[in-house]
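Below is one structure, written out as structure tokens; the observations come after it.
There are 2 protein chains.
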Amino acid sequence: MQIFRNPINTTWTKIIERPKTESSASKGVVKDILSNIRKNGDVAVREYTHRFDKVDMDDFRVSRKEVQSAIKKVAPELIEAINIAADNIRKFHEAQRRFYGITETMPGVKCWQKAVPIEKVGLYIPGGSAPLFSTVLMLGIPAHIAGCNEVVLCTPPDKRGNIHPAILYAASISNIKSIYKIGGVQAIAAMAYGTETVMKADKIFGPGNSWVTMAKQMISVEECAIDMPAGPSELLVIADDSAEPAFIASDLLSQAEHGPDSQVLLVTCHELIIEKVITELEIQIKTLPRAAIALKAIQNSRAVLLNDEDEILSFVNQYAPEHLIIATRTATNLADRIINAGSVFIGNYTPESAGDYASGTNHTLPTHGWTRAFSGINLDSFCKIISFQEISFEGIKTLGPIIETMAEAEELIAHKRAASIRFRNEII
Amino acid sequence: MQIFRNPINTTWTKIIERPKTESSASKGVVKDILSNIRKNGDVAVREYTHRFDKVDMDDFRVSRKEVQSAIKKVAPELIEAINIAADNIRKFHEAQRRFYGITETMPGVKCWQKAVPIEKVGLYIPGGSAPLFSTVLMLGIPAHIAGCNEVVLCTPPDKRGNIHPAILYAASISNIKSIYKIGGVQAIAAMAYGTETVMKADKIFGPGNSWVTMAKQMISVEECAIDMPAGPSELLVIADDSAEPAFIASDLLSQAEHGPDSQVLLVTCHELIIEKVITELEIQIKTLPRAAIALKAIQNSRAVLLNDEDEILSFVNQYAPEHLIIATRTATNLADRIINAGSVFIGNYTPESAGDYASGTNHTLPTHGWTRAFSGINLDSFCKIISFQEISFEGIKTLGPIIETMAEAEELIAHKRAASIRFRNEII
Chain A
486 MQIFRNPINT TWTKIIERPK TESSASKGVV KDILSNIRKN GDVAVREYTH
536 RFDKVDMDDF RVSRKEVQSA IKKVAPELIE AINIAADNIR KFHEAQRRFY
586 GITETMPGVK CWQKAVPIEK VGLYIPGGSA PLFSTVLMLG IPAHIAGCNE
636 VVLCTPPDKR GNIHPAILYA ASISNIKSIY KIGGVQAIAA MAYGTETVMK
686 ADKIFGPGNS WVTMAKQMIS VEECAIDMPA GPSELLVIAD DSAEPAFIAS
736 DLLSQAEHGP DSQVLLVTCH ELIIEKVITE LEIQIKTLPR AAIALKAIQN
786 SRAVLLNDED EILSFVNQYA PEHLIIATRT ATNLADRIIN AGSVFIGNYT
836 PESAGDYASG TNHTLPTHGW TRAFSGINLD SFCKIISFQE ISFEGIKTLG
886 PIIETMAEAE ELIAHKRAAS IRFRNEII
Chain B
486 MQIFRNPINT TWTKIIERPK TESSASKGVV KDILSNIRKN GDVAVREYTH
536 RFDKVDMDDF RVSRKEVQSA IKKVAPELIE AINIAADNIR KFHEAQRRFY
586 GITETMPGVK CWQKAVPIEK VGLYIPGGSA PLFSTVLMLG IPAHIAGCNE
636 VVLCTPPDKR GNIHPAILYA ASISNIKSIY KIGGVQAIAA MAYGTETVMK
686 ADKIFGPGNS WVTMAKQMIS VEECAIDMPA GPSELLVIAD DSAEPAFIAS
736 DLLSQAEHGP DSQVLLVTCH ELIIEKVITE LEIQIKTLPR AAIALKAIQN
786 SRAVLLNDED EILSFVNQYA PEHLIIATRT ATNLADRIIN AGSVFIGNYT
836 PESAGDYASG TNHTLPTHGW TRAFSGINLD SFCKIISFQE ISFEGIKTLG
886 PIIETMAEAE ELIAHKRAAS IRFRNEII
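Top to bottom, those sequences are chains A and B. Just so you know, we're using our numbering here: the first sequence kicks off at 486 and counts up by one. Just so you know, we're using our numbering here: the second sequence kicks off at 486 and counts up by one.
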């Protein structure tokens, strides 16, 4: 951990610089895969699955039978845990439903909004050593609550052509009925363009490696909306002397184990806490299975000693972390003054991993400073808002002359006439 | 107008195809301008302003004095109209404020959301023959209501280095204090990267030509969020025999006059209305100042006769129009069943131009079918949602074992331990 003691704020930009991540993905290769799948559909998907996942698939679709037999393989304890987590996620996202009233901006001029579910959504769940079933819940449950009509999930098959049972269980309790064994760029392409088997989606959600991220960026320009820009995990912890160093160390390690490019920061006005946390980090990392990964991330990470809480707030808001833990006596007050963060964890008993799995909040969050402008996934992410207006003859009589004057000044005479013709001619 | 009589739904894809727009913008040129301004700031902005706007500017910033003297040049009637429109826009966007409660997903596990204004926003208003002061209201008023801390507006200067007084008046009543005479790609670059004069924005809003659109797309990958993909205007009108053909013709023309690539559609179950509307179009277009433009758009446009309202709904939702007028006896019921549209205008007395200027709804809307996944601009567009959670010791005692089980199954042991260490060790 690099320590910065009372750095003046002109040097902060350097301190909060994200680790440079070099994308291993090649634009040309991604482009080729996209256009090949656009053109050749399932045949091309099959080719890439053979090439990248080393498995031949006749049928990508996971059958209902496959789901049912997989579920039997999930440990009862895990089923119980997933069920409780799903309940919490459901409660929190249900509470995000909005109700809209009608605003009569002028007599006879009624305006209102309505949130309408996005009809067709595609969810991507990456493969890898461990099954990310928690992300299935985080995307599938709000999609179902929002009322999306068709929800498709793509995830890569293992070498025997299977999907981890816990992923299938999470999909099943999230009411996802269409699951395909397709991974990587080919999955994004299949959902963006549609194939003979896979439905074309209006919006694609989910994390992925640099290839998937590049594919999502490319299709987002022309074809299909995407959830948000994705990047390596981040955690910033604000602590004072009421914080428990061992807890903080465990949180920093929980983000650090994601990958060598994860970034963790500790920000405090209390120099002693930095030392104590570093001591704890050294102890805890020793017995960690992913110690090698965590160590690299911790080497990249920073402890920053600042003068007071105002300075801490400026620093944090400038950094705009994905995850923010506030472990200070003044946590509630500080939380109120946070402008840029994805998800905030308040107090000594709120580990970041609670939000990753089970508190109910969503773990799909913007990184790399994008929290300045983007929200994490929530119910709104699966809806769009349509606006409505209904004007009576009385309304257009008042509003008409205003439209006329403004349209005339913008030199759009057909716009003007569409008002004039109405309030100067009443249908009888 | 091309007429399609009872086309079977397999042919709809062809009918609803958007006119092909060839972007005149060159990727290489846009890239060069962006990187030059990123590197050289104001000096580069000055060069491009000289080259593209044919004017030499020492200072881009519009002074308060300049604003005050410009306002005196705006006709009192226009001031009055802008004021009323601004009031309506304010009322409707004020009503979009959301209030968030706390959800206790389990005893001791409190989760909540908060909408926080995006700190720094940049608004772009294109130049051209007519001053788009209405767009200033549509972006500036919600930015102010949301509480954005810094709002910057860029708009190109005319050849004498001035900005149209109506734009300055609209900016002034929208509480926009930082106005710069910068246009095109150079304006997007200045707001995305920041220069010595112009603040770096977290999100950039506003319409523009194909160059501006390309610049926005490019900076959105790395630097700065953008409002939405932009494209040519669209209007779809659903009519039955209760609709007034002259009104519909005036609406179709009001969209058609935007540009030759605008698209207007008339969808109905009543063949007679198509004929009547076409007759009216021919009459009304004759006296239109922008008749040449409107004519081209009308030639591209379509009238579609369908069998019943269900078919109309499928067709409209498949097309996903930016603007939708419903002029039928069943308008309210149809409006309820619309899934994909930007802004909906109900009844005979609700012209689309009401929403462009003065009803109160926002006129910045997704086009090109993006209404399937994107909302128009509203108060949320200027905020992001942060999630919060606060867990008590009692809460983590219940939630901790669930986090442990799930993290273990995802092979993230540091995640597991961040829970274990808390509920297995209470601070005394």
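Glycine residues also receive a C-beta, built at the ideal position from the N, C-alpha and C atoms. Keep in mind it's a predicted model, so treat the numbers as computed, not measured.
With contacts defined as CB atoms closer than 9 Å, A:F489 and A:V789 qualify as a contacting pair. The DSSP-derived three-state label of A:M591 is strand. Here B:Y609 carries a strand assignment [DSSP, helix/strand/coil]. Within the DSSP secondary-structure output, B:I664 pairs in a beta bridge with B:L638. Between the stretch 793-807 of chain B and the stretch 710-724 of chain B there are three or more inter-stretch CB-CB distances shorter than 8 Å, so the stretches are counted as touching. For B:L757, the uninterrupted alpha helix (DSSP H) run begins and ends at 756-771, by DSSP. Listed in chain order, the non-local C-beta contacts of B:L773 below 7 Å within the same chain comprise L738, E742, A779, local neighbours out to five positions each way being set aside. Against chain B, the beta carbon of A:C596 has neighbours under 7 Å at F577, S844, G845, T846, listed in chain order. In the structure shown, A:P650 falls within a helical segment according to DSSP collapsed to helix, strand and coil.
Taking the Cβ atoms as the reference, B:I876 lies roughly 6 Å from B:G593, within the contact range of under 8 Å.
Neighbours of A:G832 in chain B, taken as residues at a C-beta separation under 9 Å, are given in chain order as E875, I876, S877. For A:L791, the CB contacts under 7 Å within the same chain, skipping 5 residues up- and downstream, are N491, V752, C754, I797, F800 in chain order. For B:F618, at least one C-beta of chain A is nearer than 9 Å to its own C-beta. Neighbours of A:P774 in chain B, taken as residues whose beta carbon is under 8 Å from its own, are E896, I898 in chain order.
Residue A:S735 holds the alpha-carbon nearest to the alpha-carbon of A:E837 among A:V636, A:D725, A:S735, A:W597. Against chain A, the CB of B:F800 has no partner CB under 9 Å away; the residue lies outside that interface. Within the same chain, no Cβ atom closer than 6 Å to the Cβ of B:A580 is found once the five residues on either side in sequence are excluded.
Beta-bridge partners assigned by DSSP to B:E875: A:I831, B:K595. Here the C-alpha atom of A:Q598 lies approximately 23 Å from the C-alpha atom of A:A903. For A:Q671, the enclosing alpha helix (DSSP H) has its first and last residue at 669-678. A:L622: member of the alpha helix (DSSP H) spanning 618-631, first to last residue. Residue pairing by DSSP places B:A904 opposite no residue, since no beta bridge is assigned to it. Judged by beta-carbon spacing, B:A731 lies within the 9 Å limit of A:I906, meaning their Cβ atoms are closer than that value. Runs of the alpha helix (DSSP H) lying entirely within the stretch 769-824 of chain B and spanning at least 4 residues, in chain order: 776-784, 794-804, 816-821.
Of A:E604, A:D541, A:Y609, the smallest CA-CA separation from A:D643 is found for A:D541.
Residue pairing by DSSP places B:Q748 opposite B:E719 in a beta bridge. Collapsing the DSSP output to three states places A:I603 in coil. In this structure, the straight-line span from the alpha carbon of B:S844 to that of A:I587 is close to 13 Å. For B:M891, a Cβ of chain A is located within less than 9 Å of the residue's own Cβ. Residues of the same chain with a CB within less than 7 Å of the CB of B:R822, apart from the 5 flanking positions on each side, are L798 in chain order. Listed along the chain, the chain B residues whose CB falls inside 8 Å of the CB of A:G827 are I871, S872. Under the criterion of beta carbons closer than 8 Å, B:T849 and B:G840 do not qualify as touching, at roughly 11 Å. The DSSP-derived three-state label of B:F732 is helix.
Annotation: B:P641 to B:V552 spans about 15 Å, alpha carbon to alpha carbon. Listed along chain B are R857, A858, each with a C-beta nearer than 7 Å to that of A:D687. Here the stretch 615-634 of chain B does not lie against the stretch 526-537 of chain B, with fewer than 3 beta-carbon pairs under 8 Å apart.
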